Structure formats: structure tokens, C-alpha cells
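Numbering (full-length UniProt numbering), first residue to last: 1 to 162. Below is one structure; the comments refer to it alone.
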């Protein structure tokens with residue numbers, strides 16, 4: 001698939017930066033896998049556990065770098081091997097948002113037949129989510145030191161109204 005979009009990622013976490021430099025995605029894939037920046041425990045049965053992915057992003061047109069696009073945070077298919085579910089199914093990120101990308105997950109182990117009723121441990125470097133453009137067009141990743149500023153800035157969940 002050809003590259004249609006560039007996903008710019010900025011992080012202050014050097015270890016995380018190295019994970020993205022050495023990633024397994026291929027330029028032109030429809031999704032860019034996101035790494036969990038630290039070990040976390042997601043309590044069994046607890047809803048809306050926040051995972052701060054410690055990255056800020058900007059998606060632009062690969063042919064005209066000045067056009068920003070909205071994008072989506074979606075679960076990777078391998079999340080089915082865990083008791084975790086993205087709490088809002090799909091996260092839609094507005095083109096002007098420049099704050100940290102966060103995922104909220106539910107641990108539904110208590111709802112699964114033959115469940116162990118255990119907490120779920122996420123290890124640093126695990127990839128549970130990915131960013132895609134709504135068209136699923138090919139994406140190239142760029143690590144950057146800064147993103148363009150916008151009127152929206154870092155205002156996140158519910159910052160533009162109820």
C-alpha cells in the first residue's frame with residue numbers, strides 16, 4: 001500500500017522513542033502500532049482504566065504536509081488474547097488535538113466464561129492499540145521534536161463541550 005499520510009509522533013520518553021525507531025510496522029501499513037510506555041496492572045472488573053501512551057501526534061497529508069487530518073485510536077486484533085476492551089470502542093482524535101494520546105480500557109475478565117478473575121498485567125513495550133486514518137490509507141511514521149500548534153492544543157476528553 002502506498003503512503004498517503006504521515007503520522008508525526010513526539011515524546012519526551014527516550015526509551016519510548018527508541019521503541020518507535022525500532023518498530024516492526026512497515027511504511028504504508030494502514031495502522032501504526034502504539035507501545036505501552038510502562039508496566040501497568042489493570043484490575044479485574046474495573047472499568048475505564050487510563051493508559052497514558054506518553055505520545056503526542058499529528059497526522060498530515062503525505063503530499064501536502066500543511067493539511068492536518070483527524071485519526072482514530074483502535075485496538076489491535078491481538079487484544080482478543082487479553083481480557084481488555086477499549087472502553088469507547090474507537091477513539092476519534094481531532095486534527096487539532098496535541099495532548100497525550102490516552103486509551104481507557106475495561107478489564108472484562110469477570111465476564112468471560114472460564115475466567116481466572118485475575119488482574120491483567122501490561123508490560124512496557126506491549127502493543128495493544130494502533131492509530132489509523134479513517135480511510136485506512138497507508139501511513140508513514142515520523143519521530144519529531146515538536147508538533148505544530150493549534151487552537152485546540154492539549155484540551156482532551158470533553159474539552160470542547162459536554
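Glycine residues also receive a C-beta, built at the ideal position from the N, C-alpha and C atoms. Source: prediction; values computed, not measured.
Q: Name, in chain order, the residues that DSSP records as bridge partners for residue 66.
A: Beta-bridge pairing links residue 66 to no other residue.
(Q) What residue range does the beta strand (DSSP E) around residue 20 cover? (A) Taken as a continuous stretch (DSSP letters only), residue 20 belongs to no beta strand (DSSP E), being part of the alpha helix (DSSP H) at 14 to 21.
Q) What are the boundary residues of the beta strand (DSSP E) that includes residue 32? A) From DSSP, the beta strand (DSSP E) with residue 32 extends over 31 to 35.
Q.
Given this structure, state the Cα-to-Cα distance separating residue 43 from residue 103, to the nearest angstrom.
A. So the alpha carbons of these two residues sit roughly 15 Å apart.
**Q.** Span of the beta strand (DSSP E) around residue 225
**A.** The structure shown does not extend to residue 225, since the chain is modelled only from 1 to 162, so the question has no answer here.
Q: Using a threshold of 8 Å, state whether the C-beta atoms of residue 28 and residue 131 are closer than that.
A: no
**Q.** Sequence-distant residues of its chain with Cβ nearer than 8 Å to residue 68 (five each side left out)
**A.** 58, 59, 60, 95, 96, 148, 150
Q: Whole angstroms is fine: what's the gap from residue 88's alpha carbon to residue 73's?
A: 10 Å
Q: Just grab the DSSP bridge partners of residue 74 for me.
A: 130
**Q.** Simplified DSSP assignment, three categories, for residue 101
**A.** strand
Q: Mind checking who residue 123 pairs with in its DSSP beta bridge?
A: Paired residue(s): none; residue 123 is not in a bridge.
Q: Identify the continuous beta strand (DSSP E) that holds residue 140 and give its terminal residues.
A: Taken as a continuous stretch (DSSP letters only), the beta strand (DSSP E) holding residue 140 covers 138 to 143.
Q: Can you say whether residue 80 is buried or exposed, counting buried as having 16 or more other CB atoms within 10 angstroms of its CB?
A: Answer is exposed; the Cβ neighbour count stays below 16.
Q: Name the one or two DSSP bridge partners that residue 91 has.
A: 73
Q) Excluding sequence positions up to five away, which residues of its chain have a Cβ less than 6 Å from the Cβ of residue 45? A) 110
Q. Is it the case that the Cβ atoms of residue 39 and residue 121 are separated by a distance below 8 Å?
A. yes
Q.
Give me, in chain order, the residues of the same chain whose beta-carbon lies closer than 7 Å to that of residue 50; leave out the 5 immediate sequence neighbours on both sides.
A. 102, 104
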